[in-house]
Amino acid sequence: MSISLSDGLAAALQRIGLPAPEGLERLSGGANMESWRFVSGGETCVLRRAPSLEMMAGRPMDHAGEAALIRAARASGVMAPEVLVELNPEDGIGSGYVMRAISGSPDPNAFLAEADPPVAIRDIARELVATHRTDCTGLPVPVMDTAEALNELRTRFLAYGGDRPILALALRWLEANIPPPVAPSLVHGDFRLGNLMFEHGRVTGVLDWELAHLGDWHEDLAFGCMTVWRFSRPDRPGYGLTTVEELAAAYEEAGGGKFDSERFRFWTIYRTFWWALGCLQMGGFWRAGHDRSVERVVVARRTAEQELDLLLLLEDLAPQTERERPLPPALQPIQPGSGEPSGAEILTAISEWLNSDIKPLVSGRGKFDLAVARNALGIVAREIEQRPVATDAALSADLLAGKADLSTPGLLARLRRMALDKLSADMPKYPALAAARAQWEGN
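Residue numbering for the sequence shown follows numbering that gives the first Met the number 0, starting at 0 and increasing by one per position.
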């Protein structure tokens, strides 16, 4: 007999003397894990759990290890959440743990709108340094070997088709530029806007520790500076707040190590490539039935964002003549006819109906899911009209083998066109797209 989420959670709370949950509400966001907010005994709490036990398979650290690590980080001075209780298999609601809620909001755009950048970047640097100083003795925290991790990413890339040329270009560069090993520190692994809680422009908490490992602390700085995590401020590389140089200075001033720009570049490209594969993986979760939500398939189409960003990061390797080469013309969208509505027009009609008739009827998580569904309809409509091409297995193989690179005549221009067309169909509101189009097309 299946156990309801409320009943299973009540069993876990009973172990620490708290009453059954009230007002259980699914929170939006969370590419891998679910988060549920509720009240128990006058306390606002958050349950973090895997949507299915299969999604925890192969993870280097289970939720018990994650909870122990969060406790250690909190003891080290990190503004990490207080873990109250872990789920047991007998609770019957999967794998996870309950935390005391942290005040504030994780909304990146709201934070960027109200934060004082010099103050906020010092807050972020302080939390980064405290994280990297956490003592992990006796904890089941995995140790990252960069070469082994990169080999695993290669295997995943090939398993996902191995046919995205921009990803092949990035993988080839990464394999040729692995930095020397360093004394390992605790790396949060997902330290970025969206996983930080803020109130009145100040940091109040550091969330989502599932990707923590021992490795090079530059990885955390680089990940938070990726274009995708700058949200409304792609022009400010340092966490959407400032320059990378000012972030590095704040980190060193807070007691962190000496910043190395070459290591930072490697990890920026590595994590951008890693997130591109992470997006593709979401489609695999959906196909396997682990999570059949629309959100999974839409996140999978965000791969195009990372392809654009990777090309911007790597194009300086091309000769000047290739960087100045005009782009091939864009494919002209299919124009609607005057007869029966096209498939794209039908999808647009459904989206408009959802917005006008259904949106007023939903709230909370339902409103988020509705927005995701409308986004999905838009992706398919634009794909029908624009017919973007993002795959080329033969070219990808040549790039991986070193038979082609950015000095190959016309290749950079072709990849630029491919990135622009694909992202224009998949995520046309991505903040970096307009700047890239202006830079590459000259308008």
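For glycine and all other residues, C-beta sits at the position ideal for the given N, C-alpha and C.
Pairwise C-alpha distance: residue j and residue i
i	j	result
V371	R301	12 Å
A348	I378	14 Å
L17	D106	29 Å
L369	S423	21 Å
L410	R324	10 Å
T320	A412	11 Å
Q438	L432	10 Å
L312	Q334	34 Å
L346	E244	46 Å
L83	I15	8 Å
P408	G401	14 Å
A167	L152	11 Å
D6	Y159	39 Å
A56	R232	36 Å
F156	A393	14 Å
P430	V227	8 Å
R262	D215	9 Å
R48	E174	34 Å
G239	S1	44 Å
A109	P236	18 Å
N150	A389	23 Å
E89	L279	33 Å
A253	A71	20 Å
R264	T154	23 Å
E351	E147	48 Å
Q13	R36	17 Å
Residue i and residue j closer than 8 Å at C-beta
i	j	result
L127	F190	yes
L23	L4	yes
G200	D115	yes
L414	P164	yes
A129	S75	yes
L316	L405	yes
H62	S94	yes
D420	L330	yes
L446	F230	Given a span of 0 to 442 for the chain in the structure shown, any question on residue 446 remains unanswerable.
G441	I383	no
A67	L138	yes
G161	S395	yes
L399	L170	yes
Neighbourhood of residue i by C-beta distance below 7 Å, restricted to the same chain and skipping five residues each side
i	result
G40	L17 and P18
P80	I69, M98, R99, I101, G204 and L206
N443	Outside the shown range of the chain, which is 0 to 442, sits residue 443, and nothing can be said about it.
L8	P20, L46 and I92
E344	P335
Y96	R47, H62, A66, V82, V84, E85 and L86
G188	L210, A211 and H212
Cβ neighbours of residue i in the same chain (closer than 6 Å, five flanking residues each side left out)
i	result
T271	M225, Q305, D308 and L309
G103	M196, F197, E198 and T203
E218	V186 and W266
A434	none
E53	H289
D425	R300, A303 and I378
Q385	P332 and A424
G64	P139
E113	G200
Proximity test, Cβ basis, 8 Å: residue i and chain C
i	result
T154	The structure shown has no chain C; it contains just one protein chain.
Sequence-distant residues of its chain with Cβ nearer than 8 Å to residue i (five each side left out)
i	result
V38	P20, E21, G22 and C44
W172	I268, L313 and L316
G282	R295, V296 and A299
K257	E251
Closer than 7 Å: residue i CB and nearest the ligand ATP heavy atom
i	result
F197	Absent from the structure shown: the ligand ATP. Ligands present: none.
>> So within the stretch 214-271, which uninterrupted alpha helix (DSSP H) runs reach at least 4 residues, ignoring any that extend past its ends?
In response: Runs of the alpha helix (DSSP H) spanning 4 or more residues and lying entirely within the stretch 214-271 occur at 217-224 and 243-252, in chain order.
> In chain order, which continuous runs of the alpha helix (DSSP H) of length 4 or greater are located wholly inside the stretch 312-380?
Replying inline: The qualifying runs are 319-322 and 342-352.
> Does the stretch 179-189 touch the stretch 138-146, meaning 3 or more C-beta pairs lie closer than 8 Å?
Replying inline: A contact exists between the stretch 138-146 and the stretch 179-189.
>> In chain order, what are the residue ranges of uninterrupted beta strand (DSSP E) at least 3 long that sit wholly in the stretch 155-187?
In response: Fully enclosed beta strand (DSSP E) runs of 3 or longer: 184-186.
>> For the structure I just gave you, are there three or more beta carbon pairs, one from the stretch 114-132 and one from the stretch 237-250, closer than 8 Å?
In response: Cβ pair count under 8 Å is three or more, so yes.
> Considering only residues of the stretch 86-125, which uninterrupted beta strand (DSSP E) runs meet the minimum length of 3 residues and lie entirely inside it, listed in chain order?
Replying inline: Taking only runs of at least 3 residues, the beta strand (DSSP E) segments lying wholly in the stretch 86-125 are 95-99.
> Does the pairing of the stretch 210-218 with the stretch 347-364 give three or more beta-carbon distances under 8 Å?
Replying inline: In this structure the stretch 210-218 does not touch the stretch 347-364; the number of beta carbon pairs closer than 8 Å is below three.
> Which runs of the alpha helix (DSSP H) spanning at least 4 residues fall entirely within the stretch 45-72, listed in chain order?
Replying inline: Here no run is fully enclosed.
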